[in-house]
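Data block below; observations after.
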Amino acid sequence: MPLAFLDQFFSSSPNNPSVANIIVAVLVSLLLNLALAALYQSTYRGKKYSQDFVHTLVIIGTVVTIIILIVRGEGGGQIAFGMFAAFSIIRFRRNLTQARDLAFVFMSMATGLSMGALPLERLWLVAVVMGIVSAAVYLLAKKDLFAPKRISHSLRVRITNDIHYDEAFNPILNKFADEAELRSVESVQAGMMTELVYGVTLKETTQLADFMEHMQVASGNNRVLLTTIRGNNLEY
5 MPLAFLDQFF SSSPNNPSVA NIIVAVLVSL LLNLALAALY QSTYRGKKYS
55 QDFVHTLVII GTVVTIIILI VRGEGGGQIA FGMFAAFSII RFRRNLTQAR
105 DLAFVFMSMA TGLSMGALPL ERLWLVAVVM GIVSAAVYLL AKKDLFAPKR
155 ISHSLRVRIT NDIHYDEAFN PILNKFADEA ELRSVESVQA GMMTELVYGV
205 TLKETTQLAD FMEHMQVASG NNRVLLTTIR GNNLEY
């Protein structure tokens, strides 16, 4: 009896994986999807990070592996890919805030599908491919490849109405910034003063204290506020 159980536990065929193969495939799928979730977390740059979404990546990949293993057999390949297609059109209640979120969902599903469809001796190939893809994604994120030139600071200046801001500030901005764009002009304090908001990309050699001193003098010693910008969005 024990020998029969062990034989059933370890014996497998292309269409009927053994219990041991199923356990290994599910565990490897879980580990790879955990690594994928960690990659998503380490490269995320948005403002609305969702722990639930990261957990969903792990769950989807592992569940897909289990389903593919269940339907393996004669005609199982067609069923498996049909179920993969069904998963692909599921709509999340949570709106995907970044295009890369959708890419990670497909990576998780592809990992789960590969783990369930391939024989045990070829699972290492999926791990290697996923490792290469993950390394490429990590490099793209950390090296900030293909990123547009970003505005580095928001500059808010308040001046009296008798100051011509183009003449007063343009020479200073040309000296200390690679780029400077006037984003808004607003009348404040019952029309007695004007508030300007610039998006600026400071030069690497710029000393902030020196830049602020020049702006302070040019503004007539009025309010000057310099704020660091994260990402591409300038809020004002």
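Numbering (the working numbering) for the sequence shown: 5 to 240.
Yeah, the Cβ is synthetic: ideal placement off N, Cα and C, and Gly gets one too.
Report task. Please determine if the segment 40 to 59 and the segment 116 to 123 are in contact, where contact requires at least 3 C-beta pairs separated by less than 8 Å. Result -> Fewer than three pairs of CB atoms, one per stretch, sit closer than 8 Å, so the segment 40 to 59 makes no contact with the segment 116 to 123.
Query raised in the report: Considering only residues of the segment 199 to 234, which uninterrupted beta strand (DSSP E) runs meet the minimum length of 3 residues and lie entirely inside it, listed in chain order?
Result: 228 to 232
Requested in this report: Label threonine 164 either buried or exposed according to how many other C-beta atoms from any shown protein chain fall within 10 Å of its C-beta, with 16 as the threshold for buried.
Outcome: Here residue 164 is taken as the residue at index 160 of the sequence shown, counted from 1. It is exposed - the Cβ of threonine 164 has fewer than 16 other Cβ atoms within 10 Å.
Query raised in the report: Given glutamate 185, which residues of its chain have a CB within under 6 Å of its CB, disregarding the five upstream and five downstream residues?
Result: Position 181 of the sequence shown, counting from 1, holds the residue named residue 185. Gly203.
Query - Which of helix, strand or coil DSSP assigns to aspartate 182 - result: If you number the sequence shown from 1, residue 182 lands on position 178. Aspartate 182 falls in the strand class under three-state DSSP.
**Report entry** N- and C-terminal bounds of the alpha helix (DSSP H) containing isoleucine 70
**Finding:** Translated into the one-based positions of the sequence shown, residue 70 becomes position 66. Its alpha helix (DSSP H) spans residues 55 to 75.
Report task. Would you mind reading off the limits of the alpha helix (DSSP H) that contains isoleucine 167? Result -> Position 163 of the sequence shown, counting from 1, holds the residue named residue 167. Neither: isoleucine 167 is in no alpha helix (DSSP H) and is coded neither H nor E.
**Report entry** DSSP-derived helix/strand/coil call for methionine 134
**Finding:** As a position in the sequence shown, residue 134 is number 130, starting the count at 1. Residue state, collapsed to three classes: helix.
Requested in this report: Spell out the partners DSSP gives glycine 197 in its beta bridges.
Outcome: Position 193 of the sequence shown, counted from the first residue, corresponds to residue 197. First, the residue type needs correcting, since residue 197 is methionine and not glycine in the sequence shown. DSSP lists Thr164 and Val192 as partners of methionine 197.
**Report entry** Beta-carbon contacts of leucine 43 that lie in its chain and below 7 Å, excluding the five residues immediately before and after
**Finding:** Looking up residue 43 in the sequence shown gives position 39. Closer than 7 Å at the Cβ level, and outside the excluded window around leucine 43, lie Ser138, Val141 and Tyr142.
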